[in-house]
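The numbering of the sequence shown is our numbering, which starts it at 19 and goes up by one.
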Amino acid sequence: MCLLIFSSLELFSDQEKAKEEFVYDLSLATQGVMVSQYNTGVNYSLGLGIHVDMEKSIYWFQEATKQGHSKAPFNLAIIYARGGKVSKDLTLSETYFLLAAERGNKEAKDFIQKVFASQTKKTHKAIEILCCPELLVHATAIPFKD
């Protein structure tokens, strides 16, 4: 019984910390801090500290992408390749994979190499067949402050 209560308290504590971190990142994201814009996109994608909202996730990943972030376009590529909660768009997916690779993102470079090495002649079809790696998670350039 004590273990169950402790586990519940620990889970509650983790949820509260995630919510605090989300609020912190969101406040910096609205001020134009690129890393926080990216982290806010991750939070909305995975439901960390807030409910899942793919439209808001995409918005924040796009904002970080505009500022030159390399992981944000990678995550956008995955979101558009998978579809599901947003319309599948393999053209946008390809564009974002290439942008992330161009910016030096290792995961994007590796994925693009797989796409071009595949026997599939059409890039969109290869992306659809090979997709997708997992979303990249939080950047750590700005530590959360208690």
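Every residue gets a Cβ at the ideal spot worked out from N, C-alpha and C, and that includes glycine. Note that the structure is predicted; figures quoted are calculated from it, not measured.
Once you ignore the five residues that flank residue i on each side, which residues in its own chain have a CB closer than 6 Å to its CB?
i, result
"L66", "A36"
"D43", "S54, N57, T58"
"Y114", "P91, L94, A95"
"K127", "A119"
"S75", "G59, Y62, S63"
According to DSSP, is residue i helix, strand or coil?
i, result
"S105", "coil"
"Q49", "coil"
"G59", "helix"
"L66", "coil"
Measuring straight from C-alpha to C-alpha, what distance separates residue i and residue j?
i, j, result
"R100", "Q33", "27 Å"
"T116", "F134", "Checking the sequence, you will find Leu at residue 116 rather than Thr. Roughly 12 Å between the two C-alpha positions."
"Q49", "A82", "12 Å"
"E125", "S111", "14 Å"
"L46", "H87", "15 Å"
"N61", "F40", "7 Å"
"D71", "G122", "28 Å"
"L64", "A119", "23 Å"
"T109", "I97", "12 Å"
"Y77", "G102", "17 Å"
"V51", "F79", "12 Å"
"K106", "E38", "32 Å"
"K84", "I68", "24 Å"
In terms of residues, what are the limits of the alpha helix (DSSP H) holding residue i?
i, result
"S75", "72-84"
"L94", "89-100"
"I130", "124-135"
Using a Cβ-Cβ cut-off of 8 Å (strictly less than) and excluding sequence neighbours within five positions of residue i, which residues of its own chain qualify?
i, result
"E73", "V104"
"I130", "F115, L116, A119"
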